[in-house]
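Beneath this line is the structure, given in structure tokens, with notes to follow.
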Amino acid sequence: MERIYIKDLRDYFGKEIELQGFVDNIRDLQYVQFLILRDYTGKVQVTIEKNEENSKLNAIVSGITIESTVKIKGTIVENEKVKLNGYEVIPSVITETSRCLEELPLNFKDSSSALIDTRLDNRFLDLRNDNNILMFKIQSYLVQCMREYLYENDFSEIHTPKLIGAASESGSEVFEVKYFDRLAYLAQSPQFYKQMAMSSGFDRIFEVAPSFRAENSNTNRHTTEFTSFDLEFSYIDSYEDVMQLEENMLTYAITKVNERYGEIIKNAFGTEVVVPKTPFPRVKLPDLYKELKEKYNFEMPSLDVGDMNAESEKLAYRYAMEKYNSEFIFVTDFSPKKRAFYHMRKDGIPQGFDLIWRGVEITTGAQREHRYDILKEQAKEKGLGADVEFYMNFFKYGCPPHGGFAIGVDRLTMLLLNIPTIKESMFLFRGPNRLTP
RNA sequence: GGUCCGGUAGUGCAGUGGUUAACACGUCUGCCUGUCACGCAGAAGAUCGCGGGUUCAAUCCCCGUCCGGACCGCCA
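This note's numbering puts the first residue of the first sequence at 8, with every later residue one more than the last.
Here's what the structure looks like:
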């Protein structure tokens, strides 16, 4: 029999259908039993009167445990009495297809009733929560829309290695892996390979893949393994082209997410999807600090001028909202000391940016230095030598001017849905103290 | 890595230097004329994170250790 989803039941009134799902709840009264069936599209009430004719069904329902899975054949009928959607299933056959054997280790229906650590220990159950399932449908759609935008703009998706032979930048923040009789590293970014694709003439590429960072970071927005949405493209005139691509892509994706999920997100997560307007405001870091000083009496600790910290990111958001009514703001003109050697510089200023959304950094991007001699000089200045030799070769044989950026998908999801921690906005969190499940 | 805070039934929490460690949800049993967060009654369920110390006596005080949380740093 054809599989019917609960969300489509309205199309089958009066017909015999077959449903499958989890037993969400059972209310076993004296003369009637109610079984609430749940699949990933919704819930429906299955009603069984207690009588001679139904004695077999009554026995099955009495013996069933909540969260077992069942297959139900029955007829879907309208009934005003039912508060859940106004219809119910009158079953002819109920088959238990798997059994929940033990008491659940947490009440996944109420996320606030268990600590995040308990939830992560039992993530497969925690994810049965309606909002969690919804969150991943939305994340999936968001990424689909970003991909869609790029495909429409002649980008191709590539897949770069995550096992690498040399630590890509500093070496201090990569995981070592035993690789036969020597060491390998887990990629902390596809940066070098994205640029290799530019050198290879791929012109416009992106990748959605894991990145690994061996940083002992304990915050609500860091994880040792995250999904990075990376892209790189050629023949740009400046990093302004990179910012434009990013704001257009995000606006396209958020517009579509809002169309499909805006109302649902408001109801489920209590937060508004705000479709941004392009162009996003842009501010130079020194100018931003002048404004933050004037408006909020904020001053960076002097050692950190040329970079941002958590507080200045939050204030940058406040500033963007108050002055531009924008949740997004591009910040440019960081100190070269704080930026990677491969960022192009002009008059000593890195030609790159951070994008702050709702007070959190979601992107670093830049025009890259594609001129061999200058790049070599900048690498030397950062103390990089043999480790980047293979990379330097990309620029010896002609390489288009290019740039790109990376977005953290899990952070993006967290911010879009106003989820308090990245531990919840990724399928399985990985942190300094968590490698399981 | 730093600072602060926490670890007590399945889950979330209360509490005490000494008798039976309280409460809510969940679980189980019985009852209940259609429930819809069903309701009612009862029952079971806790080496009080682990190791050491102080004490007549430690779940409680002290030290160590492990685990976790919030914020900061690092970044996506």
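Think of the CB as a built atom: it goes at the ideal place given N, C-alpha and C, for glycine as much as any other residue.
Predicted model, so just to flag it, every value in this text is computed and none were measured.
Bridge partners for residue i per DSSP, in chain order?
i: ARG45; result: PHE29, LYS50
i: GLY438; result: ARG441
i: THR234; result: PRO217
i: GLU95; result: GLN52, VAL84
i: PHE20; result: ILE83
i: PHE212; result: Inspection of the sequence shows that residue 212 is occupied by Ile rather than by Phe. ILE212 pairs with SER163, GLU239.
i: VAL100; result: LYS80
Rounded to the nearest angstrom, what separates residue i and residue j at their Cα positions?
i: ASN136; j: LEU113; result: 11 Å
i: ALA204; j: LEU295; result: 35 Å
i: LEU424; j: THR278; result: 7 Å
i: ASP311; j: LYS291; result: 15 Å
i: PHE20; j: TYR94; result: 9 Å
i: TYR242; j: PHE162; result: 13 Å
i: GLU384; j: GLY392; result: 10 Å
i: VAL84; j: LEU26; result: 14 Å
i: GLY410; j: ASP244; result: 9 Å
i: GLU232; j: ALA194; result: 10 Å
i: LYS201; j: LYS263; result: 27 Å
i: SER235; j: GLY415; result: 5 Å
i: GLU23; j: GLU60; result: 18 Å
i: ILE381; j: PRO343; result: 14 Å
i: PHE187; j: ILE363; result: 42 Å
i: PRO293; j: GLU155; result: 36 Å
i: ILE272; j: ALA66; result: 40 Å
i: ASP237; j: GLU164; result: 10 Å
i: GLU239; j: ASP210; result: 8 Å
Have a look at the options and flag the residue whose alpha-carbon is nearest the alpha-carbon of residue i.
i: PHE401; options: SER207, GLY49, PHE131; result: SER207
i: PHE219; options: VAL181, LEU362, GLU247; result: VAL181
i: GLU253; options: THR285, ARG17, ILE271; result: THR285
i: GLU159; options: ILE212, THR125, TYR192; result: ILE212
i: THR258; options: LEU149, ARG352, GLU239; result: LEU149
i: ILE55; options: SER69, GLN40, ARG346, MET399; result: GLN40
i: GLN358; options: ARG45, CYS107, LEU36, PHE341; result: PHE341
i: GLN146; options: MET421, ARG45, LEU322; result: MET421
i: TYR398; options: MET307, PRO197, ARG189; result: PRO197
i: LEU299; options: ALA323, ALA317, ILE67, SER309; result: ALA323
i: ILE71; options: TYR47, GLY172, GLY49, ASN32; result: ASN32
i: GLU109; options: LEU127, PHE335, SER75; result: SER75
i: THR226; options: ASN332, PRO439, ASP237, CYS406; result: PRO439
i: ARG418; options: ASP128, ALA191, VAL367, CYS406; result: VAL367
Check residue i in the structure and name its three-state DSSP category.
i: LEU362; result: strand
i: GLN40; result: strand
i: ARG34; result: strand
i: SER105; result: strand
i: SER75; result: coil
i: GLY410; result: strand
i: GLY81; result: strand
i: ILE243; result: coil
i: PHE115; result: coil
i: GLY415; result: strand
i: VAL282; result: coil
i: VAL89; result: coil
i: SER207; result: coil
*Every unbroken beta strand (DSSP E) inside the region 123–200 [3 residues or more]*: Every unbroken stretch of the beta strand (DSSP E) spanning 3 or more residues and falling wholly within the region 123–200 is given here in chain order: 183–186, 189–193.
*Unbroken alpha helix (DSSP H) runs of length 4 or more, entirely within the region 327–406: which are they?*
379–388, 396–399
*Taking only runs that begin and end inside the region 286–330, name each unbroken beta strand (DSSP E) of 3 or more residues, in chain order.*
289–291
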